[in-house]
Every structure is written in C-alpha cells, then in structure tokens.
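Enquirer:
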Amino acid sequence: MTEDVKILHVEDEAGVREVLDAYLADSDTEMVIETAADGKEGLRLCREKEFSCIISDYNMPGMDGVEMFKTLRKEGIAVPFIFYTSSKTIRGRIQKNNSNPPKAILRKGEDGFDDILEAVVDVAKTGDAKTGRQIESR
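Under my numbering, residues 116 to 253 are what the sequence shown spells out, in order.
1. Do Ile169 and Ile148 have their CB atoms nearer than 8 Å?
2. Just verifying my parser: in three-state terms, what is the DSSP assignment at Ala152?
3. Compute the distance between the beta-carbons of Gly157 and Asp179, then report whether it is under 8 Å.
4. What residue range does the beta strand (DSSP E) around Lys121 cover?
5. With DSSP as the reference, identify every bridge partner of Cys168, one or two as the case may be.
6. Suppose the cutoff is 6 Å on Cβ atoms and the five residues either side in sequence are ignored; what does the same chain contact list for Val134 look like?
7. Start and end of the beta strand (DSSP E) containing Thr200?
8. Between the C-alpha atoms of Ile231 and Leu187, what's the straight-line distance to the nearest angstrom?
9. State the Cα-Cα distance for the pair Val235 and Ile197, rounded to the nearest angstrom.
10. Quick check on Glu233: buried or exposed, where buried means 16 or more other Cβ atoms within 10 Å of its Cβ?
11. As a quick exercise: from Phe228, Glu126, Glu165 and Asp237, pick the residue whose alpha carbon is nearest that of Gly191.
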C-alpha cells in the first residue's frame with residue numbers, strides 16, 4: 116500500500132475503542148486512526164475529512180451507528196463501512212432499500228480483532244471486505 120489507510124473508529128466504550136485502536140496501530144498496515152465516541156461526532160468528522168473506511172459500533176447513545184451510516188449515504192458519502200457490534204438486529208435496519216450496504220458486519224465476542232484488521236485491509240486494497248469470518252456482507 117502506497118499511502119496510509121485512514122480509519123474512523125466510532126465506539127462509545129472507551130476501553131473497547133482504545134484496545135482496538137492499539138491493535139490496529141500495531142499491525143503491518145500503515146494506518147491513521149481517528150476516533151469518535153458516538154455517531155454524531157463520527158458524522159461531523161466524515162463531513163470534514165476523507166477516510167478509507169469506518170469501523171463503527173451499532174448501539175451507542177445519541178446517534179447510533181445505523182443512523183450515522185444512513186445519514187452518510189443520504190448525503191452521498193459512500194466511504195466503506197464495517198460494523199463491529201454485539202447486536203443481532205442490525206441487518207434489517209441497514210439492508211432495507213440500501214444500494215450501498217456496509218462491507219461487513221462482525222460480531223463482538225464471535226469475531227476478533229484479527230477479523231476486523233482483515234476486513235480493513237481488504238477494504239483499503241479493494242474496496243470490499245472478503246474476510247471469511249464475517250457473518251454478513253453485501
């Protein structure tokens with residue numbers, strides 16, 4: 116990869132955010148990681164900057180990950196999106212009438228940080244997540 120992968124990580128739980136960010140930063144892929152504590156902050160950052168992809172939790176206070184995702188798509192911001200969540204109800208909220216769905220939906224507790232890293236690298240290289248551990252993809 117010739118340029119850094121620019122990641123926006125949106126997660127309301129500070130501990131999860133810090134551990135995943137440290138794991139991604141330690142990888143062999145050069146990454147610039149910015150963080151947001153909720154969807155509203157993530158949306159603001161996406162309006163101000165360009166990212167290679169977004170990793171987002173689903174269930175957050177205020178604006179959740181799905182509302183942020185839908186708002187970005189309505190505004191024509193088509194940055195690849197990877198959900199990392201413990202929710203089992205996310206698919207229906209996202210897929211309905213969406214021509215540009217998320218690249219992957221990974222489950223906390225089932226899919227590990229290696230799976231997220233693999234999805235991020237796939238998206239950065241090809242625009243599509245091809246990880247074998249993803250539970251849902253487009």
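All C-beta atoms in this analysis are idealised placements derived from N, C-alpha and C, irrespective of residue type, glycine included.
Expert: The structure says:
1. Taking the sequence shown and counting its residues from 1, the one referred to as residue 169 is at position 54. Taking the sequence shown and counting its residues from 1, the one referred to as residue 148 is at position 33. Here Ile169 is not near Ile148, since their CB atoms are 8 Å or more apart.
2. In the sequence shown, counting from the first residue as 1, residue 152 sits at position 37. Of the three classes helix, strand and coil, the one that applies to Ala152 here is coil, per DSSP.
3. Residue numbering aside, residue 157 sits at position 42 when the sequence shown is read from its first letter. Residue numbering aside, residue 179 sits at position 64 when the sequence shown is read from its first letter. Going by beta carbons, Gly157 and Asp179 fall outside the 8 Å limit.
4. Position 6 of the sequence shown, counted from the start, is the residue given in the question as residue 121. First-last of the beta strand (DSSP E) with Lys121: Val120 to Val125.
5. Here residue 168 refers to the residue found at position 53 of the sequence shown. The bridge partners DSSP lists for Cys168 are Ile122.
6. Counted from its first residue, the sequence shown places residue 134 at position 19. By the criterion of a C-beta distance shorter than 6 Å, Val134 is surrounded by no residue of its chain, once the five residues flanking it on both sides are discounted.
7. By one-based count along the sequence shown, residue 200 stands at place 85. Counting along the chain, the unbroken beta strand (DSSP E) around Thr200 starts and ends at Phe196 to Thr200.
8. Sequence index remark: in the sequence shown, residue 231 carries index 116 (1-based). Sequence index remark: in the sequence shown, residue 187 carries index 72 (1-based). Cα to Cα, the separation comes out at about 21 Å.
9. Taking the sequence shown and counting its residues from 1, the one referred to as residue 235 is at position 120. Taking the sequence shown and counting its residues from 1, the one referred to as residue 197 is at position 82. Here the C-alpha atom of Val235 lies approximately 8 Å from the C-alpha atom of Ile197.
10. Here residue 233 refers to the residue found at position 118 of the sequence shown. Around the C-beta of Glu233, 16 or more other C-beta atoms lie within 10 Å, and the residue is accordingly described as buried.
11. Counting from one through the sequence shown, the residue named residue 191 turns up at place 76. Measuring from the Cα of Gly191, the nearest candidate turns out to be Glu165.
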